[in-house]
Amino acid sequence: MPEDQRHPRGLVDTSVVIDLGRIAADNLPDEMAVSAITMAELAGGPHATDDAAERARRQDRLQRAEATFDPLPFEERSARAYGRVYAAVATGGRKARGARALDLLIAATALGAELPLFTRNPDDFRALDGLLTVVPVP
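Residue numbering for the sequence shown follows our numbering, starting at 18 and increasing by one per position.
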């Protein structure tokens with residue numbers, strides 16, 4: 018990412034944490050934060066597979082994330098921001114419930130903390146243009 022477009026701080030979503038070892042540092046903020054929602058997704062990961070090797074990889078990823086990050090809580094500002102996120106998604110004609118709910122809670126955490134959201138899945142957040150800075154991570 019060109020230096021003039023870099024963000025000094027940002028919230029990385031679950032997709033970025035999962036691929037952290039494969040992402041060039043230049044594509045990430047200097048100071049990274051994660052949401053407690055991301056940590057919850059990572060905590061569930063080992064239980065979402067029957068493959069022992071994959072379970073071990075996911076457990077290792079969770080432990081590394083726990084050792085690296087002090088997650089931002091989903092608190093009052095995040096809860097208020099979620100209303101704006103939900104409205105933007107619904108107005109854009111997309112579903113704000115179901116499988117998308119955790120992504121939107123992560124987006125609300127970023128919005129409430131006034132941080133850009135770094136993601137490997139920018140299409141998941143396209144309805145939030147103008148509300149939240151979403152930074153695609155190659």
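Ideal placement from N, C-alpha and C gives every residue a C-beta, glycine not left out.
Less than 8 Å between C-beta atoms, sequence neighbours within five positions excluded: which residues of the same chain meet that for residue i?
i      : result
LEU148 : ARG101, VAL102, ALA105 and LEU128
ARG97  : GLY129
LEU122 : SER52, ILE54, PHE91, SER95 and TYR99
THR66  : ARG72 and ARG75
What are the boundary residues of the beta strand (DSSP E) that includes residue i?
i      : result
ARG78  : Premise fails: ARG78 lies in the alpha helix (DSSP H), 69 to 85, not in any beta strand (DSSP E).
THR136 : 134 to 136
ALA41  : Taken as a continuous stretch (DSSP letters only), ALA41 belongs to no beta strand (DSSP E), as it is neither H nor E.
VAL152 : 151 to 153
ALA50  : 48 to 50
Roughly how many whole angstroms lie between the Cα atoms of residue i and residue j?
i      : j      : result
LEU89  : ALA69  : 30 Å
ASP43  : LEU134 : 15 Å
ILE40  : ALA107 : 32 Å
PHE91  : ALA73  : 28 Å
GLU131 : ALA125 : 10 Å
ASP120 : LEU59  : 13 Å
GLY38  : LEU45  : 12 Å
SER52  : VAL152 : 16 Å
ALA144 : HIS64  : 31 Å
ALA50  : ALA116 : 23 Å
ARG23  : GLU93  : 28 Å
THR136 : VAL154 : 6 Å
Under a Cβ-count criterion, where at least 16 other Cβ atoms within 10 Å of its own Cβ denotes burial, should residue i be classed as buried or exposed?
i      : result
GLY27  : buried
ASP30  : buried
ARG75  : buried
THR85  : exposed
ASP141 : buried
Within a Cβ cutoff of 7 Å, which residues of the same chain sit near residue i, ignoring the five residues on either side of it in sequence?
i      : result
ASN138 : SER32
GLU48  : PRO25 and ARG26
ASP87  : none
ILE35  : ARG78
Along the chain, where does the alpha helix (DSSP H) that runs through residue i open and close?
i      : result
ARG23  : Unbroken run through ARG23: none, as it is neither H nor E.
ASP146 : Note, ASP146: premise wrong, no alpha helix (DSSP H); not H, not E.
ASP30  : Taken as a continuous stretch (DSSP letters only), ASP30 belongs to no alpha helix (DSSP H), as it is neither H nor E.
ASP120 : 118 to 129
Suppose the cutoff is 6 Å on Cβ atoms and the five residues either side in sequence are ignored; what does the same chain contact list for residue i look like?
i     : result
MET56 : PRO88
Is the number of C-beta pairs between the segment 106 to 113 and the segment 79 to 97 that are closer than 8 Å three or more?
no
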